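Input: a single structure, listed below in structure tokens.
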Amino acid sequence: MVSARAVPWREGRAIPAEAMADLSRRMVFEHGKWDPQLEDTPALCPAPMVLDRGAWETLARAAEALYAEALAAESELVGRVDLHGRLGLPRAVRRALGRSAREGASEGLARVMRFDFHWAREGWKVSEANSDVPGGYIEASGLAALMSAHAGGARPAGDPGEALAAALRRGLGGPARLAMVHATAYSDDRQVMRHLAARLERDGARVVLVSPAHLRWRGGLARIEAEFCREGVDAIVRFFPAEWAAELPASCAWWHLYAGARTPQCNPATALLVQSKRFPLTWDALETPLPAWRSLLAETADPARVNGGLDAGWVLKPALGRVGEAVGMDGVTDPAEWAAIRRSARWRPRWWAAQRRFEAVPWATDLGPLYPCLGVFAVDGRAAGIYGRAARRPLIDHRAMDVAVLVGEGGP
Amino acid sequence: MTGEELYGVWAPPEAAWSAWAKPVLFAEGPTAAGPPAAGPPAADGPPGRDLAPATDRVPPADGETALVLDLAADLAVELGARLARDRGYRPVPLFNGCVGPGQPMVDSGAAARLLVRLAPVVSEANAALAPGAPPAFLLDHFRMARGQQPRPGQFDNRWLAFPPDFPSGPLLLARGVKVVVVVTAEPEPPAEDLVHVLLRWRRSGLRLLGLALSRPEPAPLDPATPWTFRRVWYRALATLGLRRSSVGGFGALLPTESLGGGHGYTGYRGGFG
Chain A
1 MVSARAVPWR EGRAIPAEAM ADLSRRMVFE HGKWDPQLED TPALCPAPMV LDRGAWETLA
61 RAAEALYAEA LAAESELVGR VDLHGRLGLP RAVRRALGRS AREGASEGLA RVMRFDFHWA
121 REGWKVSEAN SDVPGGYIEA SGLAALMSAH AGGARPAGDP GEALAAALRR GLGGPARLAM
181 VHATAYSDDR QVMRHLAARL ERDGARVVLV SPAHLRWRGG LARIEAEFCR EGVDAIVRFF
241 PAEWAAELPA SCAWWHLYAG ARTPQCNPAT ALLVQSKRFP LTWDALETPL PAWRSLLAET
301 ADPARVNGGL DAGWVLKPAL GRVGEAVGMD GVTDPAEWAA IRRSARWRPR WWAAQRRFEA
361 VPWATDLGPL YPCLGVFAVD GRAAGIYGRA ARRPLIDHRA MDVAVLVGEG GP
Chain B
413 MTGEELYGVW APPEAAWSAW AKPVLFAEGP TAAGPPAAGP PAADGPPGRD LAPATDRVPP
473 ADGETALVLD LAADLAVELG ARLARDRGYR PVPLFNGCVG PGQPMVDSGA AARLLVRLAP
533 VVSEANAALA PGAPPAFLLD HFRMARGQQP RPGQFDNRWL AFPPDFPSGP LLLARGVKVV
593 VVVTAEPEPP AEDLVHVLLR WRRSGLRLLG LALSRPEPAP LDPATPWTFR RVWYRALATL
653 GLRRSSVGGF GALLPTESLG GGHGYTGYRG GFG
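Just so you know, the sequences run in chain order A and B. Counting from 1, one number per residue, gives the positions in the first sequence under my numbering. Counting from 413, one number per residue, gives the positions in the second sequence under my numbering.
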């Protein structure tokens with residue numbers, strides 16, 4: 001393992017502004033990046049991160065180990081209804097998961113996960129796993145590819161969008177009809193679906209972008225019933241968070257996303273079992289060994305059982321939070337927000353997880369020091385690329401910039 | 413004209429406010445919305461209704477005034493083009509919903525077609541506009557299709573505007589803007605999503621005015637502070653409301669699990685989880 005002093009990356013050198021402007025437009029129109037600006041900050045970091053090849057290989061092996069353990073744990077957890085209550089899941093979701101225990105979990109296809117790594121004083125640490133609907137394909141694939149032209153021979157770590165499309169093709173055995181299920185009202189989710197759809201259509205797949213409310217089920221098989229499309233599908237690519245499914249009308253039989261579906265999904269909603277930030281609270285009760293998780297994930301506790309109280313040494317996260325929303329960190333989060341989050345975690349601890357804070361090492365760039373997060377994709381068990389983000393504070397949320405992470409030869 | 417070329421007209425790279433223009437309609441719209449309506453080239457001005465009186469009521473582009481046109485999307489596009497040509501404002505399209513298939517909840521097709529049709533007008537105006545010309549942000553007043561619930565099987569393309577979709581108050585001030593005028597068709601309180609933006613701007617020191625096209629003069633704008641203002645959970649709650657309404661027919665913003673102050677949190681939106 002590399003020491004904290006020998007950082008695993010090169011300094012971030014910004015590419016010229018004109019080249020960056022051209023790259024940003026290409027991201028919009030060639031890769032479907034529809035959210036290129038966030039308040040006063042461009043969403044795309046003009047400096048690529050060039051990672052040492054050895055570091056990438058370490059991350060890739062770690063992500064593959066985490067993937068394998070997560071899949072095994074998920075499989076065991078499906079049948080461990082007694083542990084579902086520890087995960088901070090809504091009641092309706094727990095009922096659907098109970099169904100998957102009785103009737104069998106819905107079929108999976110082309111499983112994809114993303115693990116968020118940070119370089120800390122003690123080495124690589126994982127802050128969370130995104131096993132349900134990981135995002136970042138546009139940036140990990142498109143941004144890295146475009147930025148590599150400016151990075152002196154460094155290459156993208158992979159192309160997770162292509163890896164996922166290939167895994168779907170393999171799993172389906174050829175061109176197929178796919179429902180790309182997402183919250184249609186959110187253009188930043190739709191952009192991800194369109195990015196993936198373009199790759200699948202290129203190979204002959206028929207792809208329809210729909211809401212989960214457009215799905216109907218018969219005998220465990222899914223069918224699109226929308227004003228603009230009525231047909232059966234061979235598979236579902238879901239970018240609609242599994243816990244949101246519980247908001248769907250009962251007529252959608254949304255529980256099929258969890259249980260009893262024979263139309264395979266990428267990913268099945270049972271992925272939520274390991275997506276919860278409270279997943280570590282089940283570890284001691286599981287038979288599945290989780291050595292990679294235990295060594296890499298920051299220590300996690302129930303906020304109600306933190307010895308000495310929720311002091312500055314802990315980060316508070318909603319059990320099902322996403323994109324860093326409502327994550328509380330003393331000295332980083334706005335004081336009023338931090339107080340509100342702590343209060344909420346005290347009153348409703350089962351919706352929260354406390355994670356031991358680690359000291360992330362900043363990345364020196366032309367923009368000043370940035371705190372990077374390297375989201376390593378694993379598709380069907382193989383590491384497939386990196387979604388990089390970086391922020392000026394040690395908290396990755398929706399204000400973080402997207403960073404092209406490339407792999408270079410030799411040391412930093 | 414490709415979507416990228418069209419985007420280059422409405423968001424020219426040299427313009428100071430182009431970074432905020434939303435690309436969705438340009439990336440999807442021109443082809444999804446079908447060809448622009450037949451008619452003569454719009455070289456002598458936007459077609460359709462007579463917007464001259466409305467244009468005249470808008471304060472001059474003195475560099476200290478920014479506009480938010482919260483109008484029906486096609487009207488916002490038309491007025492934006494006219495303000496570029498006649499008054500020196502830079503139109504900045506902030507439409508963030510897709511066109512969608514079939515008959516979606518929000519009709520963005522007309523606006524998408526007008527973006528194409530009025531491109532020659534804006535292109536000509538660009539030649540005269542300074543890169544730092546003050547912005548006129550274009551919104552679709554019907555972005556949430558207020559009062560409607562989706563029909564079974566209908567495509568839901570509603571959207572909300574969030575504070576990060578706009579420049580911050582300090583940046584507007586740093587660039588010389590002192591007043592923001594919200595232009596609406598009728599005198600009415602701003603929509604709640606826009607209120608979150610306006611209140612932040614006011615806190616930064618910007619003056620807020622409202623201009624209804626049916627009234628002769630702008631008037632001070634004093635939006636009420638919503639209970640979700642500056643709450644850490646606002647975005648989650650707002651999108652939750654949209655999501656529930658989208659898939660479950662609940663309607664607008666809804667509190668959920670009881671949390672401090674009686675309001676709730678169940679999680680953030682999906683996407684880049």
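By construction, the Cβ of each residue, glycine as well, lies at the ideal position given by its N, Cα and C atoms. None of the values given here were measured: they were computed from a predicted structure.
(request) Verify the CB distance criterion: does Gln566/B have a CB-CB separation below 7 Å to chain A? (result) Position 154 of the second sequence, counted from the start, is the residue given in the question as residue 566/B. Chain A, which has a Cβ nearer than 7 Å to the Cβ of Gln566/B, makes this yes.
(message) So that I know if they touch, is there some Cβ in chain B lying closer than 7 Å to that of Gln37/A?
(response) Taking the first sequence and counting its residues from 1, the one referred to as residue 37/A is at position 37. Taking Cβ atoms only, chain B reaches closer than 7 Å to Gln37/A, which makes this a yes.
(request) Using a threshold of 7 Å, state whether the C-beta atoms of Ala47/A and Thr365/A are closer than that. (result) Against the first sequence, residue 47/A aligns to sequence position 47. Against the first sequence, residue 365/A aligns to sequence position 365. Cβ atoms of Ala47/A and Thr365/A: closer than 7 Å.
(message) Using a 10 Å radius around the Cβ and a threshold of 16 neighbouring Cβ atoms, would you call Gln275/A buried or exposed?
(response) The count along the first sequence starts at 1 and reaches residue 275/A at position 275. By the beta-carbon neighbour count (other beta carbons within 10 angstroms, threshold 16), Gln275/A is buried.
(message) If distances are taken between C-alpha atoms only, which option among Ala353/A, His31/A and Ser100/A comes closest to Ser75/A?
(response) Position 75 of the first sequence, counting from 1, holds the residue named residue 75/A. Distances from the alpha-carbon of Ser75/A to those of Ala353/A, His31/A and Ser100/A put Ser100/A closest.
(request) Please determine, among Ala140/A, Leu406/A, Ser127/A and Gly85/A, the residue with the shortest C-alpha to C-alpha distance to Met27/A. (result) The sequence position of residue 27/A within the first sequence is 27, counting from 1. Residue Ala140/A is the option with its Cα nearest to Met27/A.
(request) Give the residues of chain A in contact with Arg558/B, contact being defined as C-beta atoms less than 8 Å apart. (result) For the purposes of this step, residue 558/B is identified with residue 146 of the second sequence, where counting begins at 1. Chain order gives no chain A residues near Arg558/B, where near means a beta carbon separation below 8 Å; the closest approach is about 14 Å.
(request) Using alpha carbons as the reference points, say which of Trp363/A, Thr41/A, Ala326/A and Ser106/A lies closest to Ala345/A. (result) Looking up residue 345/A in the first sequence gives position 345. Ranking Trp363/A, Thr41/A, Ala326/A and Ser106/A by Cα distance to Ala345/A puts Ala326/A first.
(request) Could you work out which residues of chain A lie near Gly514/B, taking near to mean beta carbons separated by less than 8 Å? (result) Working through the second sequence from its first residue, we reach residue 514/B at position 102. Those within 8 Å of Gly514/B in chain A are Ala226, Glu227 and Phe228.
(request) Specify whether the segment 557 to 568 of chain B and the segment 222 to 237 of chain A touch according to this definition: at least 3 beta carbon pairs, one from each stretch, less than 8 Å apart. (result) Inter-segment contact for the segment 557 to 568 of chain B and the segment 222 to 237 of chain A is present: three or more beta-carbon pairs are separated by less than 8 Å.
(request) Taking Pro546/B as the query, report the chain A residues whose CB atoms sit under 8 Å from its CB, ordered along the chain. (result) By one-based count along the second sequence, residue 546/B stands at place 134. Here the premise fails: no neighbours, minimum Cβ distance about 17 Å.
(message) With the cut-off set at 7 Å, would you say Glu107/A and Pro264/A are in Cβ contact?
(response) For the purposes of this step, residue 107/A is taken as residue 107 along the first sequence, with counting starting at 1. For the purposes of this step, residue 264/A is taken as residue 264 along the first sequence, with counting starting at 1. For Glu107/A and Pro264/A, yes; Cβs fall inside 7 Å.
(message) Taking the straight line between their C-alpha atoms, what separation do you get for Pro335/A and Val323/A?
(response) Reading the first sequence from its first residue, position 335 is the one you call residue 335/A. Reading the first sequence from its first residue, position 323 is the one you call residue 323/A. As the crow flies, the alpha-carbon of Pro335/A is around 20 Å from that of Val323/A.
(request) Assuming Leu406/A and Leu44/A form a contact by the criterion Cβ under 8 Å, report the distance between their Cβ atoms to the nearest whole angstrom. (result) Along the first sequence, one-based indexing puts residue 406/A at 406. Along the first sequence, one-based indexing puts residue 44/A at 44. At roughly 14 Å, the Cβ-Cβ gap does not stay under 8 Å, so Leu406/A and Leu44/A are not in contact.
(message) When you compare the CB of Thr184/A with every CB in chain B, is at least one pair closer than 7 Å?
(response) By one-based count along the first sequence, residue 184/A stands at place 184. Chain B, which has a Cβ nearer than 7 Å to the Cβ of Thr184/A, makes this yes.
(message) Taking CB distances under 7 Å as the criterion, tell me whether Phe29/A reaches chain B.
(response) Your numbering for residue 29/A matches position 29 in the first sequence. Yes, its Cβ sits closer than 7 Å to a Cβ of chain B.
(request) Work out the CA separation of Arg61/A and Arg382/A for me, nearest whole Å. (result) Residue numbering aside, residue 382/A sits at position 382 when the first sequence is read from its first letter. Residue numbering aside, residue 61/A sits at position 61 when the first sequence is read from its first letter. Roughly 9 Å separates the two Cα atoms.
(request) Output the boundary residues of the beta strand (DSSP E) element that contains Asp402/A. (result) Mapped onto the first sequence, residue 402/A falls at position 402. Note, Asp402/A: beta strand (DSSP E), Met401 to Val403.
(message) Given this structure, state the Cα-to-Cα distance separating Ser686/B from Ala466/B, to the nearest angstrom.
(response) As shown, chain B starts at 413 and ends at 685. That puts residue 686/B outside it, with no answer to give.
(message) Rounded to the nearest angstrom, what separates Cys252/A and Arg356/A at their Cα positions?
(response) On the first sequence, residue 252/A is found 252 positions in, with the first residue counted as 1. On the first sequence, residue 356/A is found 356 positions in, with the first residue counted as 1. Looking at the two C-alpha atoms, the distance is approximately 40 Å.
(message) For Ala404/A and Ala390/A, I'd like the C-alpha separation in whole angstroms.
(response) Position 404 of the first sequence, counted from the first residue, corresponds to residue 404/A. Position 390 of the first sequence, counted from the first residue, corresponds to residue 390/A. Roughly 10 Å between the two C-alpha positions.
(request) Could you spell out where the beta strand (DSSP E) holding Gln561/B opens and where it closes? (result) The residue given as residue 561/B occupies position 149 in the second sequence. First-last for Gln561/B: undefined, no H or E at that position.
(request) Give me the Cα-Cα distance between Ser520/B and Cys510/B, rounded to the nearest whole angstrom. (result) By one-based count along the second sequence, residue 520/B stands at place 108. By one-based count along the second sequence, residue 510/B stands at place 98. Spanning the two alpha carbons is a distance of roughly 7 Å.
(message) Within the continuous alpha helix (DSSP H) that includes Asp22/A, where are the two ends?
(response) One-based indexing of the first sequence puts residue 22/A at position 22. Note, Asp22/A: alpha helix (DSSP H), Ala17 to His31.
(request) Report the neighbours of Ser580/B on chain A: residues whose CB is nearer than 9 Å to its CB, in chain order. (result) Taking the first residue of the second sequence as position 1, residue 580/B is located at position 168. Among the residues of chain A, those whose CB is under 9 Å from the CB of Ser580/B are Glu39 and Asp40, following chain order.
(request) Would you decide whether Asp552/B is buried or exposed? Buried here means 16 or more other CB atoms lie within 10 Å of its CB. (result) What you label residue 552/B is simply residue 140 of the second sequence in a count that begins at 1. Under this definition Asp552/B is a buried residue.
(request) Determine, using beta-carbon pairs with one atom in the segment 175 to 185 of chain A and one in the segment 425 to 433 of chain B, whether at least three such pairs fall under 8 Å. (result) Too few Cβ pairs lie closer than 8 Å, so no.
(request) Counting only the same chain and skipping the five closest in sequence on each side, list residues whose C-beta sits under 8 Å from that of Glu39/A. (result) For the purposes of this step, residue 39/A is taken as residue 39 along the first sequence, with counting starting at 1. Excluding residues up to 5 positions away in sequence, Arg399 lie with their Cβ nearer than 8 Å to the Cβ of Glu39/A in the same chain.
(request) Using a Cβ cut-off of 7 Å (strictly closer), state whether Pro576/B contacts chain A. (result) To locate residue 576/B, count along the second sequence from 1; it is residue 164. Closer than 7 Å: yes.
(message) Is there a C-beta anywhere in chain A that falls below 7 Å from the one on Glu629/B?
(response) Taking the first residue of the second sequence as position 1, residue 629/B is located at position 217. Closer than 7 Å: no.
(request) Whole angstroms is fine: what's the gap from Asp330/A's alpha carbon to Phe117/A's? (result) In the first sequence, residue 330/A corresponds to position 330, counting from 1. In the first sequence, residue 117/A corresponds to position 117, counting from 1. Near 21 Å, if we compare the C-alpha coordinates of Phe117/A and Asp330/A.
(request) Check each candidate in Leu248/A, Trp244/A, Leu286/A and Gly173/A and name the one with the smallest Cα separation from Leu235/A. (result) As a first step, residue 235/A must be located in the first sequence, where it is residue number 235. It should be noted that the sequence gives Ala, not Leu, for residue 235/A. Closest by C-alpha distance to Ala235/A, out of Leu248/A, Trp244/A, Leu286/A and Gly173/A, is Gly173/A.
(request) Verify the CB distance criterion: does Val609/B have a CB-CB separation below 7 Å to chain A? (result) Here residue 609/B refers to the residue found at position 197 when the second sequence is read from its first residue. Not an interface residue.
(request) Tell me whether Ser24/A is buried or exposed, calling it buried when 16 or more other Cβ atoms sit within 10 Å of its Cβ. (result) Within the first sequence, numbered from 1, the residue matching residue 24/A stands at position 24. The residue in question, Ser24/A, is buried, as its Cβ has 16 or more Cβ neighbours within 10 Å.
(message) Using only CA atoms, which one of Ala597/B, Leu530/B, Val609/B and Asn569/B lies nearest to Val470/B?
(response) Residue mapping note: residue 470/B aligns to position 58 of the second sequence, counting from 1. Selection Ala597/B, Leu530/B, Val609/B and Asn569/B evaluated against Val470/B yields Ala597/B as nearest (Cα-Cα).
(request) Indicate the three-state DSSP secondary structure (helix, strand or coil) for Leu481/B in the structure shown. (result) As a first step, residue 481/B must be located in the second sequence, where it is residue number 69. In the structure shown, the three-state DSSP call for Leu481/B is strand.
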